[in-house]
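Residue numbers (our numbering), protein chains in the order written: chain A, 1288 to 1500; chain R, 1288 to 1500. Notes follow once the structure below has been shown.
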């Protein structure tokens, strides 16, 4: 079997509504998806989010209740929770600076760059900084969905949940995090998923794209 | 030459700081990147953004000035501007409903679903709706960056620009759009890019990921 092209992968994937509870995603495939999240680029390289990978059935059942009982959370084998920083802080940006210095050397430019970043970010409202961090998590969400398709693993991006409830279940607030988006991983139940036979709906290129030549 | 794996692509790509102005990205590669943007999943399938593809040199020079003179904008051959809806409106959601009905049939569930969406979204502040739309554009940004790497095309995600100025240059406000993020496409200037030889900086898996088993 030849490997799908990216275009074929993007057509193959869909927001799986019914997953097969009998199938579990092998660890090496989960690892490849996690690695794509880790490699996702973010604004100024801050990676201002964490990834919580939930396999625990009881915890997934609780999260499922906080997400209008969307069954991929419990029928899949792994639940990815993207949790963004609730704010940019001096300590968090200093840790990014240190990681840069460690990898690239003690270059004055690095200190200057992240010094400016602190001067810009830290005085801002926590909500503004959280919103900025959450956007970066969406880049990683995109990377995770393509990595899943690349591994022929199904997934279901979900915004429809009670973030405060999920934060509480996972103890995120104590860690300075807020849940942004969920991504259950698993395998489609081909017979049971009403969405699978439906054609994909996307705007035409003409509707979506304008060229300024 | 064998095709790179996704993991190799994610290591190959980087936020290119110096592009070679003598090289232009072929149309079929630009098309593949646009197609990935078009296929990117979005909340409730609304695709609440448009993509502006700027090749015009004068327009790119103006945008470059509004983006602290970041040269990939003018040294690359194409500039992608992701522009999110400034608000969710009845007309916009009705158009999504119609597209769904056209593709999937006149199913009562579709009308009910998007009716609920309108009831939720339309009373909200425009700024809340814009923020939600902008997040969706970041999924497409992630898709575009992977599609570029898949095509061995370089790109440079950029938030550092004056959105009001770019909106004005492109006439976006009149179209109910606001610029969110820029992505110049081109080819790295291997000799001239200070960032290319630098090691990539990413958090360790242990720092980024927590497992709840």
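C-beta: ideal position from N, C-alpha, C; glycine also. As the structure is a computational prediction, the values presented were derived from the model and not from experiment.
DSSP places residue 1392 of chain R in the coil class of the three-state scheme, outside both helix and strand. The beta carbon of residue 1300 of chain R is closer than 6 Å to those of 1436 in its chain, skipping five residues each way along the sequence. Residue 1362 of chain R carries a helical assignment under DSSP once its states are collapsed to helix, strand and coil. As a beta-bridge residue in DSSP terms, residue 1465 of chain A pairs with A:1371. Counted as a single uninterrupted DSSP element, the alpha helix (DSSP H) harbouring residue 1428 of chain R occupies residues 1413-1437. Residues of the same chain with a CB within less than 8 Å of the CB of residue 1344 of chain R, apart from the 5 flanking positions on each side, are 1361 in chain order. Within the segment 1302-1325 of chain A, the residues whose Cβ lies closer than 9 Å to any Cβ of chain R are, in chain order, 1302, 1318, 1319, 1321, 1322, 1323, 1324, 1325.
Residue 1430 of chain R is not a Cβ neighbour of residue 1302 of chain R, given a cutoff of 8 Å. DSSP places residue 1473 of chain A within a strand segment (E or B) once states are collapsed to three. The residue among A:1371, A:1375, A:1346, A:1356 with its C-alpha nearest the C-alpha of residue 1365 of chain A is A:1346.
Across the set R:1312, R:1315, R:1357, the C-alpha of R:1357 shows the shortest separation from the C-alpha of residue 1445 of chain R. Here the C-alpha atom of residue 1448 of chain R lies approximately 20 Å from the C-alpha atom of residue 1482 of chain R. Of all alpha-carbon atoms in R:1472, R:1467, R:1390, R:1341, the one lying nearest the alpha-carbon of residue 1426 of chain R is that of R:1467. Listed in chain order, the non-local C-beta contacts of residue 1379 of chain A below 7 Å within the same chain comprise 1372, local neighbours out to five positions each way being set aside. With respect to the 8 Å criterion, residue 1492 of chain R and residue 1350 of chain A are not classified as neighbours on the basis of their beta carbons. Straight across, the Cα-Cα distance linking residue 1457 of chain R with residue 1305 of chain A is about 43 Å. Annotation: residue 1406 of chain A to residue 1414 of chain A spans about 17 Å, alpha carbon to alpha carbon.
With 16 or more other Cβ atoms inside 10 Å of its own Cβ, residue 1337 of chain R counts as buried. Of all alpha-carbon atoms in R:1469, R:1390, R:1401, the one lying nearest the alpha-carbon of residue 1355 of chain R is that of R:1469. Chain order gives no chain A residues near residue 1289 of chain R, where near means a beta carbon separation below 8 Å; the closest approach is about 11 Å.
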